[in-house]
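Trainee: Okay, handing you the structure first.
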Amino acid sequence: MEQTTIKSLKAKRRALWRQRFMENWRVFLRNPLGRIGMSLLVMFGLMAICSYIPPMINPMYHPMTGVDPDVVSSVGPSWRHWLGTDFMGRDIFSQLLAGARVAFLVGVSAAFMSVVLGTAVGMTAGYMGRFTDTALMRLADMIMVLPTLLVVLMLAALFGKLSIWMIVLMIALFRWPGVSRIIRAQTLSLKQRPFIDAARVSGAGHLRIIFRHIMPNVLPLAFLYMTFRVTSAIVIEAGLAFLGFGDPGTVSWGMMLQWVWKTGHMFQAPYWLLPPGICISLITLSFYMLGRAMDEVLDPRLRDETQAG
Amino acid sequence: MNESRENKTILQMEGVSRFYRTRGNVFRGGGRLVVALSKINLSLRQGEIFGLVGESGSGKTTCGRLIVRLEEPDEGRITLGGEDITHLKGKRLREYRRQVQMVFQDPYQSLNPQVTIADSVAEPLITHKVGDPLDHLERVLRVLKTAGLSPPEDYVYRFPHQLSGGQRQRVAIARAIVLEPSLLVADEPTSMLDASYSAQIFEILQGVRDKLGATIMFITHSMASARYLCDRIGVIYRGHLVEQGPAEQVINAPKHPYTKALIDATPKFGRSELVPTYGTLLAAERPATSSAGCPFFRRCALAERLLCAGSYPPWRQVGPRQVALCHFAQEEVPPPPPAENAARGETGAP
Amino acid sequence: MALLQVENLGIGYQTAKGLLKAVDGVSFTLEAGRSLGLVGESGCGKTTIGMALMGLLPPNGRIIEGRIVLDGIEISALDEDELRKVRWSKVAMIFQAAMNALNPVKRISAQMAEAIQVHRPEVDDSAAMERVEGLFNLVGLPLERLYDFPHQYSGGMKQRAIIAMALALNPKLIIADEPTTALDVIVQDQILKETKALQEKFNIGIIFISHDISIVADVCHDIGVMYAGQLVEMGSAKDVFFNSQHPYTQALVSSFPTLAGPKTKLAPIPGEPPNLTGAIPGCRFCDRCPKDTASCKLEHPKWQEVGPGHHVLCDHC
């Protein structure tokens, strides 16, 4: 083949993927929920990135260890401390920024792990069928009926304080069954579709069918569920931290709430109580809105223009 | 087409049956056995287009799926070029599939929506490890052109949803012929398409036969398309092959009452005076008697209760290389010359 | 006066890429007791016309020009409430996917009786059941299957039930949109014959929408051939199919395999229909037409009368 033909074909290929991306992006942005969710997330992302700045300006702005020497108890907002300080003189604003970082870390990594696990299990169960299917799904049922928060609390009580990574791992291990059920259902329906038969006739083996034909069709769905899982992971982490089972070496929003409560500032320091509370609500809301908007991108029924016929 | 090529048998099905068990439940008790195909005897000759005609649920699609080994027969034997392929597994099954490909009914469903046309068509090349990626692309372009998509450069990097139904079916044909198989099963490739596309698909299939020398099994519900495209026709009714013979003969001089009923029911497009009306279909179905009798007994206007309900009909030679599964089928033309006797063993059934 | 008059009908769909003119400048009339077959490829606008006649266009579709007059009532000007009164009582439809039009959890007879009583509240339960029984006899469904659920019916029986439902309120016009595509040849043949007999018996007008020219040729008196949103040839079934004048009709006929007559080589139509978004100057078929000239691309073709009652939208016929 001539070089020019190959070049033009490569250009066509790039154009195809670009076009597909732009199309999805447009549908996403057309949805007001998507726009709001996205801008909120960008804001939280900026907060997480900016969390590295205050300690660099002055060590007293370090969220965990930095203490303002002039402050001995919690004070309200001022030029020195935009959102005030906590009971031992730590800056609440820099804690809030650090909390955003932790929320992203916990939310995204726990959700990612549980979705990867759930997708793998769901695809295996759906594709293999028979005994494997039954065994995996019963396991999923058993884990699904366990109350996540309660079990994690009990484990925390057993092993003492948990590190943040243990918490992430725990959330991931307890939250995959929901994803696996949905992915299994999708795999089952995909398995019946003629293009799978067509692939088999083309000579594709099981691995190729799973990775090349089924996976691209379930990944969007898995990705969608990841956004919803992020929400639940953040809420679980915040709950744990608030109840006193969080990682004591990490400043998370839940931890901040716990400090407010434990030091008896619940009704005395709204500048301390409200920001982490609002942030938790907003970040879960924004991931949820993101998911809803993505739903529309992925579900052809919601976007197909009516055909003339 | 020359005689010697036509007479070489490529695919043979001997007494092939396939059963499905319906799932039982608490109220209905255990599963019931449904016969999808019953003792099919069929042979395809090198380079011919064989039409398998039947209604939905007659088992014609099952027959195609057995040939490409998407399903395994419960009874009987299938051979390709003399090699028994009935229960092939693993690597040898994959090798077999280099020679036998299939075009599916619904082009909207048979292409993976997430895979580009180029990757879809190249799939057989990749799974059978033929050539390198650049070679693949070149072959894909060539084969798309054969399938009537030109210029092929405009189609390779698109997703299936960006093409019309007719174009998608041509992509599906391109994928099926990219390995140059010796046998192609086309399962109602035009039933989901507009009439104007059907003619294009027919032309491409004929091209595949003429240029690649492939044998084609064309599964259809339309007698008219079978007449147009096929050299020989087999008529299938509820899992039983009931008549088989050269296309023109089966359509102009059908011998089995079911074939006659099918021809009666086909719209004649204003030329009904050219086709006789046979009236072999019973207005109301008879109640079922035993399963031993003729499969068409319940709807046959010619049936005699004693004979047809009680015993399974024999294969009767009803014309040159034409056979029918009926107690009453008779030849209306003079007996075939002795030379034809050689072919009888192939066409007929025990 | 004619039962149905369609004048210069234009229907557009609002899409993300702009206005898609699915039907453009379509005019025809239908007398009571006659049947008109609309044939064409998918996307040619035939189903859209059927939907407009029922007042059932999807939310993004609307009539942009022309009018539809049924039995003296201008349908195109009615609002939803008035349409609901006309629908089923004057014009009924047999849908493409008729199998899905039945409610799976209700007995057939109950569904039919309900359909009658919704439109005729004065009919009491026993009178409605009587009517249902009459309808069952009419379409050849056995009375012992009255109280079955839809899933107990075969495809052909469901289609009969749908036809019975369409006849329930004695409509003057029935629109049959591909009523037999999902059925087997033998069942299709029986249903087509019965439809024809019922039409003659009750003097109903039928618009038969199909892509299968052999079916409409057998069933319909008159044929309208549609291409890319326009009617291109109109006349009696005999004239249109056996003395076709428009190149598209000729191509359609010669690309169709038949059971009878000489086995000629099929001539496939090359290319694809045009995209209907935006304005199209000139003839819409000229890209695929064997006899197009330079002027075809520039000027809209005009209707020509090529025989009594036989019209063609082509300048070269």
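Line by line, the protein sequences give chains D, G and F.
Heads up: the first sequence begins at 4 in my numbering, then just goes up one per residue.
Heads up: the second sequence begins at 98 in my numbering, then just goes up one per residue.
Heads up: the third sequence begins at 488 in my numbering, then just goes up one per residue.
In this text, a Cβ means the ideal position worked out from N, Cα and C, and glycines have one as well.
Since we're looking at a predicted model, the values are computed, not measured.
#1: Flag residue 138 (chain D) as yes if its beta-carbon sits less than 8 Å from any beta-carbon of chain G, otherwise no.
#2: Taking 7 Å as the limit between beta carbons, can you name the residues of its chain near residue 756 (chain F), skipping five residues before and five after?
#3: Along the region 737-749 of chain F, what residues have a CB closer than 9 Å to any CB found in chain G?
#4: Closest Cβ-Cβ distance between residue 364 (chain G) and chain F: below 8 Å?
#5: Compare the Cα-Cα distances from residue 149 (chain D) to each of D:174, D:226, D:268 and report the closest residue.
#6: CB residue 238 (chain G) to CB residue 227 (chain G), shorter than 8 Å?
#7: If you draw a straight line from the C-alpha of residue 551 (chain F) to the C-alpha of residue 129 (chain D), how long is it?
#8: Indicate whether at least one CB of chain D lies closer than 8 Å to the CB of residue 320 (chain G).
#9: Quick one, which residues of the region 51-79 of chain D are near chain G if we go by CB-CB under 9 Å, in chain order?
#10: Please list, in chain order, all residues of the same chain as residue 792 (chain F) whose beta carbon is under 6 Å from its beta carbon, the five residues on each side excluded.
#11: In three-state terms, what does DSSP make of residue 346 (chain G)?
#12: By alpha-carbon positions, which one of F:660, F:628, F:657, F:655 ends up nearest to residue 645 (chain F)?
#13: With DSSP run on the structure shown, which of helix, strand or coil describes residue 356 (chain G)?
#14: From the DSSP output, in three-state form, read off residue 225 (chain G) for me.
#15: Give the range of the beta strand (DSSP E) segment to which residue 492 (chain F) is assigned.
#16: Any beta carbon of chain G sitting closer than 8 Å to that of residue 558 (chain F)?
#17: Can you pull out the residues from the region 245-261 of chain G whose beta carbon lies closer than 8 Å to at least one beta carbon of chain F?
#18: So residue 715 (chain F) and residue 760 (chain F) are supposed to be a Cβ contact under 8 Å. How far apart are they, rounded?
#19: In this structure, does DSSP put residue 267 (chain G) in helix, strand or coil?
#20: Using only CA atoms, which one of G:377, G:336, G:358 lies nearest to residue 319 (chain G)?
#21: Rounded to the nearest angstrom, what separates residue 582 (chain F) and residue 534 (chain F) at their Cα positions?
#22: So that I know if they touch, is there some Cβ in chain D lying closer than 8 Å to that of residue 108 (chain G)?
#23: Does residue 300 (chain G) have its Cβ less than 8 Å from a Cβ in chain F?
#24: State the DSSP-derived secondary structure class of residue 212 (chain G), mapped to helix, strand or coil.
#25: Report the CB separation of residue 110 (chain D) from residue 272 (chain D) in whole angstroms; it is logged as a contact under 8 Å.
#26: Shortest alpha-carbon distance to residue 219 (chain D) belongs to which of G:111, G:213, G:162?
#27: Tell me, which residues are paired with residue 554 (chain F) by DSSP?
#28: What's the gap between the Cα of residue 198 (chain D) and the Cα of residue 221 (chain G)?
#29: Going along chain G in order, which residues have a C-beta closer than 9 Å to the C-beta of residue 731 (chain F)?
#30: Considering just the uninterrupted stretch of the beta strand (DSSP E) at residue 109 (chain G), what are its terminal residues?
#31: Could you check what DSSP says for residue 641 (chain F) in three-state terms: helix, strand or coil?
#32: How would you list, in chain order, the residues of chain D whose beta-carbon sits under 7 Å from the beta-carbon of residue 165 (chain G)?
#33: If we ignore side chains and look at the alpha-carbon of each, how far apart do residue 166 (chain G) and residue 343 (chain G) end up?
#34: Check this for me: beta carbons of residue 264 (chain G) and residue 246 (chain G), under 8 Å apart or not?
#35: Taking residue 285 (chain G) as the reference, give the member of G:217, G:295, G:277 with the closest Cα.
#36: For residue 672 (chain F) and residue 364 (chain G), I'd like the C-alpha separation in whole angstroms.
Mentor: Reading from the atomic positions:
#1: no
#2: 738, 742, 775
#3: Contact annotation: in the region 737-749 of chain F, residues whose CB is within less than 9 Å of a CB in chain G are 738, 739, 740, 741, 742, 743, 744, 745, 746, 747, 748.
#4: yes
#5: D:174
#6: For residue 238 (chain G) and residue 227 (chain G), no; Cβs fall outside 8 Å.
#7: 49 Å
#8: no
#9: none
#10: Excluding residues up to 5 positions away in sequence, 798 lie with their Cβ nearer than 6 Å to the Cβ of residue 792 (chain F) in the same chain.
#11: Note: residue 346 (chain G) maps to helix in three-state DSSP.
#12: F:628
#13: Residue 356 (chain G) falls in the helix class under three-state DSSP.
#14: coil
#15: Start and end: 491-502.
#16: Not closer than 8 Å to any Cβ of chain G, the Cβ of residue 558 (chain F) fails to qualify, so no.
#17: 261
#18: The pair is a contact, with the Cβ atoms about 5 Å apart (cut-off 8 Å).
#19: helix
#20: G:358
#21: Going from the Cα of residue 582 (chain F) to the Cα of residue 534 (chain F) covers about 10 Å.
#22: no
#23: yes
#24: Residue state for residue 212 (chain G) is assigned as coil, using DSSP reduced to three classes.
#25: Contact flag wrong, Cβ pair sits at about 26 Å.
#26: G:213
#27: Answer is F:494, bridged to residue 554 (chain F).
#28: 13 Å
#29: Chain G residues near residue 731 (chain F): none, gap ~12 Å exceeds 9 Å.
#30: Residue 109 (chain G) -> beta strand (DSSP E) spans 106-118.
#31: coil
#32: 204
#33: 27 Å
#34: yes
#35: G:295
#36: 9 Å
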